[in-house]
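Chains as they are written, first to last, in full-length UniProt numbering: chain V, 1 to 353; chain L, 1 to 353; chain B, 1 to 353; chain S, 1 to 353.
Please read the structure below before turning to the comments.
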């Protein structure tokens, strides 16, 4: 797939009625997805926005010329004119919303994490399966041009059998730490890296996890249980050893990288450079960094919704599934358990958490 | 400006009626612009496509759900429902079409080159001025994120006074040489580089040109006057010495680069890498190249139409003008003259060509 | 220090008698050091080579015009004309040879690892201290220009407090696995990375280690206990979390990299490129890899002996000490223990091993 | 050849008597070469230093333990104990010294430019031929690892037929402009680039030159004829078009790059980075620049003397010849002529200058 997904597949959509999409959650990520649905995808229209916060849905809907703004999410789900929904609410509400949307017969795109317990993940998966609706989860690296090209090369055998992997996420700055739930670094940040490691080690599954974490950005929040820096080592069932690493604050920008080393070679992904401009001056060589996820993953964010809406229209299976979300969540929960117990945790010992 | 121009300015457009755009020329570049007008720009709609080739406008219009397809370009110009036009026909037709569109009261975006003689360039500029319509020319580097960032740094004084500049364009492969007009490498390819050098040396104007060119890709076409490889040296009135370089065939891909060196430092622009993926294998380190202008300049192509349509809506001056097109053309014509005479050519000695 | 250490300090040496050096161990690394002593260091001469293997010392001495070749190492140590020795024998012989050399009054440069048990490390350190001779250990990264520059920037505060570190070593190919002792990946390969992590996190010491390792290059040697792939996570007493990673076989070349991320920024070190040549062809962009440690660390290998011999001449303390060697060894032994027990190991729980 | 030439060929030299070298000119470059001869090359010794400046030869000889220091260069040439000489005096003295040394039967290594007129170049070439001594000229790029690897790939056919070439030299800062002879930028700086372009376009010779130059760094010296910024376009007899570019002052450091583009691909050479360290901070990504030719070309400077002395010992032809020096000089003189006349100059029209 090209990085410019929106350019393709437009032929069919021009004659079919546009897909009517509902957006749930009008926050920062929701607003991006709303703009994508309203403006960037041919054959798709933003039919409704819902957000319980007073005025939030209305403001976004007005901006985008969307006809319907709701504070009651259930009314969006029960609207028969809506074909599919995008859920971009806080993480802990995802699973219930997936279940409700699926039961209402809507195809569901849910931001990561789909759930924060395995029981909830199973409920969401079951609900979609029982309703016969498509379910896709927002693992954006899978739609980034570099990571996608890496996977294509892995599938073509370029690295042989993966032996050592690495994925890292460093956010550019720490928002108000008082508002961040306790295990967020595993459940919401590293969940990307856990999925990336599975994506870059296709067919293999994790068997054991060892995690270390600490409050290094804001040590004053350590006592409240907020961890902002973490390293997780994962052993996969094909022998590969992987490291996932995250920090809530990189002063230089937004840093997402991946690496796969195997019997046949190595692939590296990720580049914090903002543009191809390089400057040379009395202080040396310099370049600007990306500081914003919606810059680094702009095209990936569009591509994942393009792929989801295309799946809905064509009836095919989604490329990122509820099962993928559950598998990444299991690594996150094992990491939490490893931090709590101070030792390695086997994935098969994980109870429903 | 962000590389993702389409994300901005959408607030106003949601309430205003969309800008009705006409596309003239349904070829490769025209089709890209048509998709941009139809799908990528909020507040803009593609109202008509015109192309004299039988079926060409119709196929593109159908693909994009555009209501009107014409083989008669004048009918598009005379349609009172059209606010502005994009001209993407063969180079030698541009000036006449700009004049006709302007006289019909349409704002005009014209692909480069706007004209192939100074007299035609003047006619086009005059027509737009007399009609009071906006005129913008398709110098895409000016909308590329890296080149824009370079200009911003130049304006901020980062390179001091420019002393040495370079701009190059190498196309990935040579189309049918029999169909390429004689001086195309100067008038259609290097025209980009001439504009880029002016863009990177703001306020300065060229005074002297020395060009060398040859038929190295297809020496069998040398006798017919087709030059496929060229180097042009330009002296500017601020003393800066610049080199523009082009080839019709780079086997590795599409290569566009710029460099400004001055009293305060150097900036380099351009990167032929396709993604941030790097591969390491028994044969060393490798990465993929961009091979297609619509990949390398995808965002720039969208950004220039976004900026043009925004200019039309807001009534402000366009950022790239007919005068810019004329100034780049003058360098191209001086280069032709230099090749013909085998010596340097002063810009002020150029007669209307 | 410049990368070209041998250019400096030559003024004094021209008038003083040259430092007489003895080389113990005429293998691959010993031969490199012998050439450095004989040819690359002003004010230094190679006075004797000793190696128990018949003919090995003789061949090397003859090549380099060295007057004395011995199979009896003790005779080299007891030669009063030798000022200092370089020990480049197999790892398990190092500690005893350091002790013997020190007791003979020779300043000692010993290849890593200085010892494979803490008791041996302590014996070596004690022997040097009691004899009042200098002792330096061969951690070459500390003399590589990029790693040195990184440390200088860390000391200048450029990364603030280190929070996340990484060091990796991947050897280009696996020699005869039957000849590799069981824990070599920790004791001889990762020992470099353990030292590097201490070097890049100055003043901090490790408190806890969690290691995972496997036989992925040669799974057929897993039963004999040979581990060829390993990841070690280390918690330091300043909170920093570090990862050390090694493989015995990277098909693309010799790969050594480092990374320090902290409250103030990030530094990355290491580049597998062989030269600054980049090639562009129909298959994309490519460059050659370094495949040989004596290419990648050529200048560092010379610089460490230059610094050692300068220490000996000037009487100052060595820059890399026996205590540094012991500290890195402790991490290696903790890693072995972690692999054996399948859980994290605290450094303070390590008994003399 | 490896970048570390001194590691090779040492076997033979250990038994042969060392080659006795004389160094003429104890300035900055002479001092570097003296250290190479005294300390970096096995089988070579620095037997004498000569410099007419009082005390200069003595200070350098003392530093390096060289037995003989002279102010009379002829006495060095007439010393029968000297096998070969290195000439590192001011450019305008080179040709006469080559002639004198050759007539004295010494093999000669001469810094670039070997001569500043074609007649002088011919005299030097003739003198060496008549004396049957070897003559090598100091074009250091030919011994740089990246440029050498480029040439190897060109010889292997990787770029097909060269079509567009570029070579540039930018010095880090302008020394006292009052002491720089008028045409230095062509005769002493760009002479490197002219040779590099011939090196990268093997077998081809220049046919036509068009030069532009100006005093942009120090416009106050324009009236005295000092040009500090220049661009030269060269047409070769295989059709290739080349650009050579120089500036006397790059505030960011020492910048030397090359590029060859041909029918089969492109090679780029040159990297102003000092080490492989990259820094990331609140101001973006940064790296240090090389600011000193003796850092950038340290290994090349050693390699060229290693190759020369090896040529002398083995009796083989030198790899860089007097004819190479003459050919580069011809381009320089044609450039001077082009600047003077304001037009293109054909090489075959060049009279002895």
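We put the CB at the ideal spot given by N, CA and C, even for glycine.
(message) Classify residue 182 of chain S: buried if its beta carbon has 16 or more other beta carbons within 10 angstroms, exposed otherwise.
(response) Here the question's residue 182 of chain S lines up with position 182 in the fourth chain. Taking every protein chain shown into account, the CB of residue 182 of chain S has fewer than 16 other CB atoms within 10 angstroms, so this residue is exposed.
(message) For residue 119 of chain V, count the other beta carbons within 10 Å of its own beta carbon; 16 or more makes it buried, fewer makes it exposed. Which is it?
(response) Numbered from its first residue, the first chain carries residue 119 of chain V at position 119. Counting Cβ neighbours within 10 Å, residue 119 of chain V comes out exposed, since fewer than 16 surround it.
(message) With three or more beta-carbon pairs closer than 8 Å as the criterion, would you say the region 257-265 of chain S touches the region 277-292 of chain B?
(response) With the cut-off at 8 Å, the region 257-265 of chain S and the region 277-292 of chain B touch.
(request) Let me know if residue 130 of chain S comes out buried or exposed under the rule of 16 or more other beta-carbons within 10 Å of its beta-carbon. (result) The residue you call residue 130 of chain S lines up with position 130 of the fourth chain. In summary, residue 130 of chain S is exposed, with fewer than 16 beta-carbon neighbours lying within 10 Å of its beta-carbon over all protein chains present.
(message) Are the CB atoms of residue 111 of chain L and residue 73 of chain L within a distance shorter than 8 Å?
(response) Translated into positions along the second chain, residue 73 of chain L becomes position 73. Translated into positions along the second chain, residue 111 of chain L becomes position 111. No, these two residues do not count as a Cβ contact at 8 Å.
(message) Extract the residue ranges of the beta strand (DSSP E) inside the region 211-272 of chain V, only unbroken runs of 3 or more that lie entirely within it.
(response) As far as the region 211-272 of chain V is concerned, its whole beta strand (DSSP E) runs of at least 3 residues are 229-236, 241-247, 255-262, 265-269.
(message) My assumption, with CB atoms under 8 Å, is that residue 350 of chain B sits in contact with residue 325 of chain B. Please give the rounded CB distance.
(response) Start at 1 with the first residue of the third chain, and residue 350 of chain B comes out as number 350. Start at 1 with the first residue of the third chain, and residue 325 of chain B comes out as number 325. About 15 Å separates the Cβ atoms of residue 350 of chain B and residue 325 of chain B, ruling out a contact at the 8 Å cut-off.
(message) From the DSSP secondary-structure annotation, give me the bridge partner or partners of residue 280 of chain S.
(response) Within the fourth chain, numbered from 1, the residue matching residue 280 of chain S stands at position 280. Partner(s): B:266, S:285.
(request) Using only alpha-carbon positions, find the residue among V:226, V:204, V:247 that is nearest to residue 235 of chain V. (result) For the purposes of this step, residue 235 of chain V is taken as the residue at position 235 of the first chain. Nearest option by C-alpha distance: V:204.
(request) Take residue 318 of chain S and list the residues in its own chain whose beta-carbon comes closer than 7 Å to its own, dropping the five residues that flank it on each side. (result) To locate residue 318 of chain S, count along the fourth chain from 1; it is residue 318. These residues qualify, in order along the chain: 134, 135, 136, 308, 311.
(request) Please check the pair residue 209 of chain S and residue 334 of chain S, which I expect to be a contact at CB under 8 Å, by giving their CB distance rounded to whole angstroms. (result) Residue 209 of chain S sits at position 209 when you count from the first residue of the fourth chain. Residue 334 of chain S sits at position 334 when you count from the first residue of the fourth chain. Right, their Cβ atoms sit about 4 Å apart.
(request) With 8 Å as the threshold, decide whether the Cβ of residue 252 of chain B is near any Cβ in chain L. (result) Here residue 252 of chain B refers to the residue found at position 252 of the third chain. Residue contact check for residue 252 of chain B against chain L: a CB pair falls below 8 Å.
(message) If I measure Cβ to Cβ from residue 79 of chain S and keep anything under 8 Å in the same chain, skipping five residues before and after, which residues do I get?
(response) In the fourth chain, the residue the question calls residue 79 of chain S occupies position 79. Excluding sequence neighbours, residue 79 of chain S sits near 22, 47, 48, 68.
(message) Please classify residue 54 of chain S as buried or exposed, where buried requires at least 16 other C-beta atoms within 10 Å of its C-beta.
(response) To locate residue 54 of chain S, count along the fourth chain from 1; it is residue 54. It counts as exposed.
(message) So the candidates are L:175, L:322, L:202, L:285; which of them puts its Cα closest to the Cα of residue 251 of chain L?
(response) Counting from one through the second chain, the residue named residue 251 of chain L turns up at place 251. Here the closest residue by C-alpha is L:175.
(message) Less than 8 Å between CB atoms is the rule here; does residue 295 of chain S satisfy it with respect to chain V?
(response) Reading the fourth chain from its first residue, position 295 is the one you call residue 295 of chain S. With 8 Å as the cut-off, residue 295 of chain S does not count as an interface residue toward chain V.
(request) Might you give, ordered along the chain, the residues of its own chain that have their beta carbon closer than 6 Å to the beta carbon of residue 345 of chain V, omitting 5 neighbours on each side? (result) The sequence position of residue 345 of chain V within the first chain is 345, counting from 1. Hits under 6 Å: 209, 334, 337, 338.
(request) Go ahead and label residue 340 of chain V buried or exposed: buried means 16 or more other beta carbons lie within 10 angstroms of its beta carbon, across all protein chains shown. (result) Here residue 340 of chain V is taken as the residue at index 340 of the first chain, counted from 1. Per the 10 Å Cβ criterion, exposed.
(message) If you follow the alpha helix (DSSP H) that residue 302 of chain L is in, where does it begin and where does it stop?
(response) The residue labelled residue 302 of chain L in the question sits at position 302 within the second chain. Unbroken alpha helix (DSSP H) run through residue 302 of chain L: 298-314.
(message) Which same chain residues end up closer than 6 Å to residue 152 of chain B when comparing Cβ atoms and leaving out the 5 residues on each side of it in sequence?
(response) As a first step, residue 152 of chain B must be located in the third chain, where it is residue number 152. Correct list: empty, nothing qualifies.
(request) Could you spell out where the beta strand (DSSP E) holding residue 138 of chain L opens and where it closes? (result) Residue 138 of chain L sits at position 138 when you count from the first residue of the second chain. Bounds of the beta strand (DSSP E) holding residue 138 of chain L are 135-138.
(request) Could you please tell me which residues of the region 259-292 of chain S, in chain order, have their CB closer than 8 Å to any CB of chain B? (result) Listed in sequence order: 264, 265, 266, 267, 268, 269, 270, 271, 274, 275, 276, 277, 278, 279, 280, 281, 282, 288.
(message) Would residue 231 of chain S pass as an interface residue toward chain L - the criterion being a Cβ-Cβ separation below 8 Å?
(response) Here residue 231 of chain S refers to the residue found at position 231 of the fourth chain. At least one chain L Cβ lies under 8 Å of residue 231 of chain S.
(request) Can you give me the Cβ contacts of residue 158 of chain V inside the same chain, cut-off strictly under 8 Å, excluding the 5 residues immediately before and after it? (result) Numbered from its first residue, the first chain carries residue 158 of chain V at position 158. The residues are 264, 265, 267.
(message) Three Cβ pairs or more, each shorter than 8 Å: is that satisfied between the region 187-203 of chain B and the region 241-248 of chain B?
(response) Touching, yes.
(message) For residue 164 of chain L, list the residues DSSP reports as bridge partners.
(response) Walking along the second chain from the start, residue 164 of chain L turns up at place 164. In the DSSP output, where bridge partners are listed per residue, residue 164 of chain L has L:241, L:261.
(message) Against chain S, which members of the UniProt domain "GFO/IDH/MocA-like oxidoreductase" (147-267) of chain B pass a CB distance test of less than 7 Å?
(response) Cβ contacts with chain S: 149, 150, 153, 158, 264, 265, 266, 267.
(message) So, for residue 52 of chain B: in the same chain, excluding its five sequence neighbours on each side, which residues have a beta-carbon less than 6 Å away from its beta-carbon?
(response) In the third chain, the residue the question calls residue 52 of chain B occupies position 52. Excluding positions up to five away in sequence, the list reads 71.
(request) Report yes if the CB atom of residue 304 of chain L is closer than 8 Å to the CB atom of residue 138 of chain L, and no otherwise. (result) One-based indexing of the second chain puts residue 304 of chain L at position 304. One-based indexing of the second chain puts residue 138 of chain L at position 138. Going by beta carbons, residue 304 of chain L and residue 138 of chain L fall inside the 8 Å limit.
(message) Is it buried or exposed, residue 225 of chain L, if we count other Cβ atoms within 10 angstroms and call 16 or more buried?
(response) On the second chain, residue 225 of chain L is found 225 positions in, with the first residue counted as 1. Here residue 225 of chain L is exposed, its C-beta having fewer than 16 other C-beta atoms within 10 Å.
(request) Taking only beta-carbon positions, decide if residue 300 of chain B is within less than 8 Å of chain S. (result) Residue mapping note: residue 300 of chain B aligns to position 300 of the third chain, counting from 1. Residue 300 of chain B does not count as touching chain S.
(message) List, in chain order, every chain V residue whose beta-carbon is nearer than 9 Å to that of residue 124 of chain L.
(response) By one-based count along the second chain, residue 124 of chain L stands at place 124. Here the premise fails: no neighbours, minimum Cβ distance about 31 Å.
(message) Mapping the DSSP letters down to three states, classify residue 374 of chain B as helix, strand or coil.
(response) Coverage of chain B is limited to positions 1 through 353, which leaves residue 374 of chain B absent and any answer about it impossible.
(request) State yes or no: is the C-beta of residue 170 of chain S within less than 8 Å of the C-beta of residue 255 of chain S? (result) The residue you call residue 170 of chain S lines up with position 170 of the fourth chain. The residue you call residue 255 of chain S lines up with position 255 of the fourth chain. Yes, the Cβ-Cβ distance between residue 170 of chain S and residue 255 of chain S is below 8 Å.
(message) Rounded to the nearest angstrom, what separates residue 154 of chain S and residue 289 of chain L at their Cα positions?
(response) By 1-based counting over the fourth chain, the position of residue 154 of chain S is 154. By 1-based counting over the second chain, the position of residue 289 of chain L is 289. Looking at the two C-alpha atoms, the distance is approximately 20 Å.
(request) Output yes if chain V places a C-beta closer than 8 Å to the C-beta of residue 145 of chain L; else output no. (result) Position 145 of the second chain, counted from the start, is the residue given in the question as residue 145 of chain L. With 8 Å as the cut-off, residue 145 of chain L counts as an interface residue toward chain V.
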